[in-house]
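Protein chains in written order, with UniProt numbering: chain A, 1 to 320; chain B, 1 to 234.
And the structure:
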């Protein structure tokens, strides 16, 4: 009985994080981006500096008609948002937020699980693009596929580098083995992982798959109402997951002063700081052209990731 | 790929441009925003803002110049004549224009301000008031009472720039005043010079005033001759 209760509590906690954090990141994005552009951003919804803007958006989305195009593959079209969103919920489950047992569910092959499941999320966009019976959606879906091909590799390589350094593929295990000098040691890998993660989330400047000036909204062009909102939610959960993973793999997760009591706070702070960087990048850089996106992945990120693995191997052999 | 082949500018270490971009957005974030929260906070309009046209009826003589100069014919004026009894007994009766209707169709008005420029009697003014949107285009034709209300929102003319030229009317007035002062001074000088020498000149001065100072006072002849001509009627 106690076990069931504990599992239920953990699941509820993860679910609450899954629902709340994306909204926090989204609202921060509204405000931070606005101020970076000399604007104020939302000011009315909720009364105080538009804090309830995303709630209002949610209500608006819920009221809209759920339209399915005549030529669409209905079942796939309906399924796509769930496929895009649920993997991130599963990933959230295994990200450790504090020392000891503070994780939704310990999985021994955590890093494998995380990377494999995050790859599935992109399938949602592919399904949406294919099922919409719209050429812009299809183009967006194909671009998503190309981006997934290009950026999954550097992500895997850099994650493998951390796994080599820690000697384990379990996320809590990696954090237990963490030393402060891992941060400068793995910094290149961290940058590559973060950049590749951005590209996989289709966040600016890697948002060619949803480039509105070229292909309307890519794979999500035909979506309305709640299903569209689910895609947007997936993007923001994706930010939370990517920042959390980067924190755990490259920034030492809950490590920091008073880690035993305040470990969760350190994870939170690092994740939010990275989320700020995600927003900052969006407000600063223009979108990369499709060929530039590919060129960056294959000629810059993958060589860097390989170099990081070599460095990790050398240091590992020397120190052991 | 043409962009990739451009010769690269040598500006610092690789990625310095990216860092500069990040610095720009971060700096902007810490600065004050430019957003005007309009309905909550009214904008600070510059002087001479062209919001709406106010009418000062008392100055209007129904000369119709504004209506005729208006490029899109958006000014409507109706009037009739009234006779005014003679001011002095036995005099002639005068006729006077009385304004019946003065309306501006702000749906047509293009805010060129020509009506205000041409008005010879200063009856039209720019007001910075701008919140007079209507839901029906026909209600944008505003009658004289509304135009008169706007008259009270006309601000005082802004002060001139420190180094600006004097306004024409003040410059003219000052010139006249200077000339008169010069004439008076010349007259006084002539009087002080003339009185001890020949007491017979004052009667001659009344008939030929312009000639007398010209002969007696050598300095500033051109100024005094001009001033005496203006000084004579007063």
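Note that the Cβ used here is the ideal one computed from N, Cα and C, for glycine as well.
Item: Distance cut-off 8 angstroms: residue 254 of chain A Cβ against heavy atoms of the ligand SAH; Value: As for the ligand SAH, it is missing from this structure, which has no ligand bound.
Item: Where the region 11-24 of chain B meets chain A: residues whose CB sits under 8 angstroms from a CB there; Value: 18, 21, 22 and 24
Item: Minimum C-alpha distance to residue 256 of chain A - residue among A/227, A/305, A/176 and A/55; Value: A/176
Item: Contact with chain A by residue 26 of chain B, beta-carbon distance below 9 angstroms; Value: yes
Item: Residue 161 of chain A beta carbon less than 9 angstroms from that of residue 202 of chain A; Value: no
Item: Continuous beta strand (DSSP E) stretch holding residue 101 of chain B: start and end; Value: 94-105
Item: Inter-stretch contact at 8 angstroms, needing at least 3 Cβ pairs: the region 84-91 of chain B / the region 110-126 of chain B; Value: no
Item: Residue 320 of chain A - DSSP class collapsed to helix/strand/coil; Value: coil
Item: Test item: CB-CB of residue 236 of chain A and residue 23 of chain A under 9 angstroms; Value: yes
Item: Sequence-distant residues of its chain with Cβ nearer than 7 angstroms to residue 138 of chain A (five each side left out); Value: 129 and 130
Item: Which listed residue (A/222, A/291 and A/174) has its alpha carbon closest to that of residue 249 of chain A; Value: A/174
Item: Residue 78 of chain B: first and last residue of the uninterrupted beta strand (DSSP E) it sits in; Value: 75-84
Item: Cut-off 6 angstroms between Cβ atoms - residues of its own chain near residue 114 of chain A, not counting five sequence neighbours on either side; Value: 91
Item: C-beta neighbour in chain B for residue 38 of chain A, strict 9 angstroms; Value: yes
Item: Beta-bridge pairing of residue 52 of chain B - partner residues as DSSP gives them; Value: B/127
Item: Cut-off 7 angstroms between Cβ atoms - residues of its own chain near residue 112 of chain A, not counting five sequence neighbours on either side; Value: 169
Item: Distance, residue 34 of chain B Cα to residue 129 of chain B Cα; Value: 22 angstroms
Item: Rounded C-alpha distance that separates residue 205 of chain B from residue 147 of chain B; Value: With a pLDDT of 44 at residue 205 of chain B, under the threshold of 50, the predicted position of this residue should be treated as unreliable, and no value is reported.
Item: Residue 265 of chain A versus residue 59 of chain A: straight-line alpha-carbon distance, rounded; Value: 31 angstroms
Item: Assumed close pair residue 221 of chain A, residue 301 of chain A - CB separation to whole angstroms, cut-off 8 angstroms; Value: 29 angstroms between Cβ atoms; not a contact.
Item: Status (buried if at least 16 other CB within 10 Å, exposed otherwise) for residue 271 of chain A; Value: buried
Item: Reference residue 224 of chain A; option with closest CA among A/120, A/280, A/80 and A/53; Value: A/80
Item: Residues that residue 285 of chain A contacts on chain B, provided the C-beta gap is smaller than 8 angstroms; Value: 18 and 21
Item: CB contact below 9 angstroms: residue 281 of chain A versus chain B; Value: yes
Item: With 16 other Cβ atoms within 10 Å as the buried cut-off, status of residue 153 of chain B; Value: exposed
Item: Residues that residue 30 of chain A contacts on chain B, provided the C-beta gap is smaller than 8 angstroms; Value: Under the 8 angstroms cutoff, chain B gives no residues; its nearest Cβ is about 13 angstroms from residue 30 of chain A.
Item: Selected residue, minimal CA-CA separation from residue 156 of chain B, among B/193, B/132, B/48 and B/98; Value: B/48
Item: 7 angstroms Cβ cut-off: residues of chain B touching residue 49 of chain A; Value: Chain B residues near residue 49 of chain A: none, gap ~12 angstroms exceeds 7 angstroms.
Item: Cβ-Cβ distance between residue 30 of chain A and residue 41 of chain A below 9 angstroms; Value: yes
Item: Range of the contiguous alpha helix (DSSP H) that encloses residue 148 of chain B; Value: 144-151
Item: Residue 196 of chain A at chain B interface by Cβ criterion, 9 angstroms; Value: no
Item: Assigned secondary structure, residue 141 of chain B (DSSP; H/G/I helix, E/B strand, else coil); Value: strand
Item: Beta-carbon proximity of residue 54 of chain A to residue 26 of chain A, cut-off 9 angstroms; Value: yes
Item: Proximity test, Cβ basis, 9 angstroms: residue 37 of chain B and chain A; Value: yes
Item: C-beta neighbour in chain A for residue 33 of chain B, strict 9 angstroms; Value: yes
Item: Own chain, CB closer than 6 angstroms to residue 203 of chain B, minus 5 neighbours either side, in chain order; Value: Annotation note: pLDDT 49 at residue 203 of chain B (below 50); position unreliable, coordinate value reported separately. None.
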